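Some notes on the structure that comes next.
2 protein chains.
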Amino acid sequence: MASRYYNPEQRSSAASCASCPYLSVCVSEGVLDSDPDELDVLVEHVGPIHAGQHIVRQGDAFDSIALVRVGTLKSVCVDREGREQTQSFHMPGDVLGLAAISEGVHPCSVIALDTVMLCRFSFPRVSEAALRMPALQNKLFRLMSRDIGRTTGLTGNRTADERLAAFLLGMADRFERLGYSRDHWQLTMSRMDIASYLRLAPETVSRLFRRFQEEGLLAVEGREVELVERDRLEAMASSAMAA
Amino acid sequence: MASRYYNPEQRSSAASCASCPYLSVCVSEGVLDSDPDELDVLVEHVGPIHAGQHIVRQGDAFDSIALVRVGTLKSVCVDREGREQTQSFHMPGDVLGLAAISEGVHPCSVIALDTVMLCRFSFPRVSEAALRMPALQNKLFRLMSRDIGRTTGLTGNRTADERLAAFLLGMADRFERLGYSRDHWQLTMSRMDIASYLRLAPETVSRLFRRFQEEGLLAVEGREVELVERDRLEAMASSAMAA
DNA sequence: CGGAAAGTTGAGTGGGATCAAGCCGCGTGG
DNA sequence: CCACGCGGCTTGATCCCACTCAACTTTCCG
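In order, the protein sequence lines correspond to chains A and B.
Using the working numbering, read the first sequence as starting at 797 and increasing by one per residue.
Using the working numbering, read the second sequence as starting at 797 and increasing by one per residue.
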């Protein structure tokens, strides 16, 4: 189809030679102004973790947060009846585990969707460091605040069309922000994951992809997606939200 | 019906003679150990605010968070098409505005449902104080973390029955935690608010209340609700969530 | 090559939305 | 005082979107 789009296979080979992990979060915020070495002792590099492996399991005791360096993940909760429910998808730059702080227990399992590299930070140490580094405290506040309201995929969208359109546009934004092609990329999650996230039946998601393609909105082939008529998708998705 | 249940009318008269507002948040956490006077300069008492009045409007610049002392409120977002969507309900002890930190702009309007008293805290000052008061920082982290995942009323519940049952049980828990009767209280929000929150049509909510009553689960009369068969409601609501 | 999981497609159904009408409580003004 | 209007709430009739069930194809991995 096109040239440089997000592709898990290609990308994961480049993962190993990446630069220092917490830079992307902290440098831009000026955190390192205060003491560059201070964060070094906090960070623990984790990975590579392969598709399907758990980072945390629902109910695990909370002790650390983690920054996604490369790869994508999903958060999954199971309710009492054992039904699985995808809560969110995570991409490089996202921070995992913030929802676990209040209870001290992880409310969701987090599972890698492709090959993943993380930086883990002991939370007690990070919060202690934040007392001395106002910019870090501020960063944490903003990260947590951002996650409020982001949790589910149907903030205001009601119909299946609206939800899928909003989901695709959210993915597009995230890829663009990461420096990849905005309108042409590869999904890392299965149709079932998407369905679970959007609270639709897998069959419905499948039908929607076909119909969007028939209507000229998308070009889809397996997990490869190209947004053809972005504006019409935006018109469908009423609310701003995303993945 | 019964004796001491949450009743907006009675309660609001007692509001004026209440004790110092931030104590409920801070004392129990040991924050005041460090310096009791420090928080005094931060807090600004607001209210009484009457039903229907706005605390903040969607799009307002963010500068402060607020602790609900008395009364109940709702957060409402409007999407591009102008459809209103109730995001959450707030009760005494809840903290408002945390979702606005990341963008610096309030994503929702907050509207009083009955007579409300607040304590407002300048956020720049609070976060600055948090640098010197570890317990306060911790409290803020936990408050924000708690709001992640709490945002919408259908975390895992799918059918209308499940959602309403979960909503009612959530309300029950909150009333109980505030020291009111757990199973007998007065709703402060309209049927339309509930419908919007649960993403159901108002007609559906109305029918559900009637059916729950017919089945002996509830006793409803206007906004007065009594949970008759709590266990059966719990069996209906699969996921833990609430209001 | 074979088995399993993921994905697609079709047919039928039902839950909740929509449309429409009427009721009730309340404030307003004549 | 009653008439009126309005908004919240209820109830009924109908419709349609998305779920379910079922069969089949494709892909993935051994």
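Note that beta-carbon positions come from the ideal geometry of N, C-alpha and C, so glycine has one too.
Keep in mind that this is a model prediction, so the values were computed, not measured.
Under the rule that 16 or more other beta-carbon atoms within 10 Å means buried, what is residue i, buried or exposed?
| i | result |
| --- | --- |
| L1029/A | buried |
| V823/B | With a pLDDT of only 39 at V823/B, under the threshold of 50, the placement of this residue in the model should not be trusted, and no figure is reported. |
| L1014/A | buried |
| G867/A | buried |
| D1027/B | exposed |
| H841/B | exposed |
| R916/B | buried |
| R853/A | exposed |
| V1098/A | Outside the modelled stretch of chain A, which goes from 797 to 1039, sits residue 1098/A, for which no answer is possible. |
| H846/A | exposed |
| T882/B | buried |
| M1032/B | buried |
| L892/B | buried |
| V839/A | buried |
| P817/A | The pLDDT assigned to P817/A is 41, lower than 50, so where the model puts this residue is not dependable; a value taken from the coordinates is nonetheless given after this. Counting Cβ neighbours within 10 Å, P817/A comes out buried, since at least 16 surround it. |
| L974/A | exposed |
| A1049/B | As shown, chain B starts at 797 and ends at 1039. That puts residue 1049/B outside it, with no answer to give. |
| R970/A | buried |
| R946/A | buried |
| D831/A | Confidence in D831/A is poor, its pLDDT being 49 and thus under 50, which makes the residue's placement unreliable; the coordinate value appears in the next sentence. Under this definition D831/A is an exposed residue. |
| R1006/A | exposed |
| V739/B | This structure does not reach residue 739/B, given that chain B is present from 797 up to 1039, and the question cannot be answered. |
| T955/B | exposed |
| R865/B | buried |
| A857/A | exposed |
| G843/B | buried |
| G1073/A | As displayed, chain A neither begins before 797 nor continues past 1039, which places residue 1073/A out of reach and without an answer. |
| V901/A | exposed |
| G952/B | buried |
| A925/A | buried |
| P903/B | buried |
| S1034/A | buried |
At 9 angstroms on the CB atoms, spell out the chain B contacts of residue i, in chain order.
| i | result |
| --- | --- |
| P930/A | S923, E924 and L927 |
| R1026/A | Going along chain B, no residue has its Cβ under 9 angstroms from R1026/A, so there is no contact; the nearest lies around 15 angstroms. |
| S986/A | Within chain B, no residue comes near S986/A; the closest Cβ sits about 19 angstroms away, beyond 9 angstroms. |
Give the residues of chain B in contact with residue i, contact being defined as C-beta atoms less than 8 angstroms apart.
| i | result |
| --- | --- |
| Q933/A | S923, A926, L927 and Q933 |
| E877/A | S1034 |
| R938/A | I897 and S898 |
Which residues in chain A sit within 9 angstroms of residue i, going by Cβ to Cβ distance?
| i | result |
| --- | --- |
| F885/B | Result: empty, since nearest Cβ-Cβ is about 15 angstroms, beyond 9 angstroms. |
| R1003/B | Per Cβ cutoff of 9 angstroms: no residues; R1003/B is ~19 angstroms from chain A at best. |
Residues bridged to residue i by DSSP?
| i | result |
| --- | --- |
| L1013/B | DSSP output for L1013/B lists no bridge partner at all. |
| A908/B | L869/B |
| T882/B | V872/B |
| H850/B | I907/B |
| M913/B | V866/B |
| H841/B | C915/B |
| A857/B | V901/B |
| V1021/A | W981/A and V1016/A |
| V891/B | L863/B |
Just the chain B side, please: which residues come within less than 7 angstroms of residue i by C-beta, in chain order?
| i | result |
| --- | --- |
| C873/A | G952 |
| P903/A | G945 |
Please list, in chain order, the chain A residues whose beta carbon lies closer than 7 angstroms to that of residue i.
| i | result |
| --- | --- |
| L894/B | S941 and I944 |
Which runs of the alpha helix (DSSP H) spanning at least 4 residues fall entirely within the segment 916 to 992 of chain A, listed in chain order?
-> Correct list: 919 to 928, 930 to 943 and 956 to 973.
Is it a yes or a no for the segment 958 to 965 of chain B touching the segment 984 to 1001 of chain B, going by three-plus beta-carbon pairs under 8 angstroms?
-> Between the segment 958 to 965 of chain B and the segment 984 to 1001 of chain B, the count of C-beta pairs closer than 8 angstroms reaches three or more; the two stretches touch.
Say whether the segment 926 to 939 of chain A touches the segment 897 to 914 of chain A, bearing in mind that this needs 3 or more beta-carbon pairs closer than 8 angstroms, one atom from each stretch.
-> At 8 angstroms Cβ cutoff, the stretches do not touch.
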